[in-house]
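Right, one structure below, let's go through it.
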Amino acid sequence: MTVIKAKTKGRFITVEGGEGAGKSSNLAYIQSLLEVAGKQVLFTREPGGTPLGEAIRELLLGHKHTGMADDTELLLMFAARAEHLQQKILPALEQGIWVLCDRFTDASFAYQGAGRGLSREKIANLERFVQGSLRPDLTLLLDLPVETGLQRAGQRSEPDRFESEQRDFFEKVRAGYLQIAAREPDRVKVVDASPALESVQSQIDTIMRHYLESLGE
Ligand code: Z5A
């Protein structure tokens, strides 16, 4: 059995947000801020990040299994996550590499928990099983009204299985994310993602600067 170490040398930063929140638009910016600060950064994403994880992502996002049971969806998210942690995230952190991840377990609490209605306890059990005590060091939550996010996302191509959900689902997801941020204000920093990109990046800049200063780096 692999023992997951709680203390690692690199830092683990995750970026979360609802539909069309602008994660993709801001991840390269966050990576560049870290690199300018002298960090070696591994950028990755969930679900996915490994060959097996990307295969699971196709099952989850594609339209082949539209009637997938909620428990199956949750277990597939955590199966991809277990592979991602063991094969990619933990080895990088142990080498002192900073890991920047597009979504992580907060997404399971927001989408499968708040969105689908699965119990927090069920998800927390899987979190403990798959991650041990490992949690992100810092999470940026890009928050914006559902309507704005859907309008932005609507400008893109064919919706995936999640993007095909109704507005009510995304409202629950947003509320779920904001609850996590309220519970863990030290780890989860909320960014107002509704203004122009320049203003969003200025907020991100402040958060990252404070975080690096708090580490004395
Ligand atoms: N999921 C889950 O259910 N449980 C889990 O545990 C995990 C994930 C890990 C895949 O995620 C799905 O998996 C996701 C949740 C679920 N489903 N959904 N929805 P994903 O992250 O790959 O997919 P996504 O959420 O759809 O992300 P995305 O497609 O990459 O969108 P985004 O990164 O947030 O947005 P964007 O592409 O950067 O921006 C959208 C558009 O808005 C684009 O045209 C931009 O140019 C524009 N934009 C961005 N920022 C601005 C500003 N500030 N002003 C104006 N326009 C802007």
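Following the numbering used here, the numbering of the sequence shown begins with 169 at its first residue and continues without gaps.
We put the beta carbon where it would ideally sit given N, CA and C, even for glycine.
Remember, it's a predicted structure, so these values are computed and weren't measured experimentally.
{"Check": "Rank PHE337, PRO304, LEU220 and ILE291 by C-alpha distance to the C-alpha of LEU261 and give the top, closest one.", "Outcome": "PRO304"}
{"Check": "Checking the sheet assignment: what are the DSSP bridge partners for LYS177?", "Outcome": "In DSSP, LYS177 forms no bridge with anything."}
{"Check": "Per DSSP, what kind of secondary structure is LEU202 in: helix, strand or coil?", "Outcome": "helix"}
{"Check": "With a CB to CB cut of under 6 Å and the five nearest residues on each side skipped, what residues in its chain are close to ILE181?", "Outcome": "LEU268 and LEU306"}
{"Check": "Whose C-alpha, out of ASP360, ALA282 and ALA321, is nearest the C-alpha of LYS340?", "Outcome": "ALA282"}
{"Check": "Using only CA atoms, which one of GLY221, GLY322 and ALA343 lies nearest to TYR279?", "Outcome": "ALA343"}
{"Check": "Would you mind working out which of LEU309, ASP373 and LEU365 sits nearest VAL359, comparing C-alpha positions?", "Outcome": "LEU309"}
{"Check": "Look at GLY186 and PHE338 and say whether their C-beta atoms are less than 9 Å apart.", "Outcome": "yes"}
{"Check": "What do you reckon, are the CB atoms on ARG158 and THR212 nearer than 9 Å?", "Outcome": "With the chain running from 169 to 385 in the structure shown, residue 158 is simply not present."}
{"Check": "Could you tell me which uninterrupted beta strand (DSSP E) segments, each at least 3 residues in length, are contained entirely in the region 231-307, listed from first to last along the chain?", "Outcome": "266-270"}
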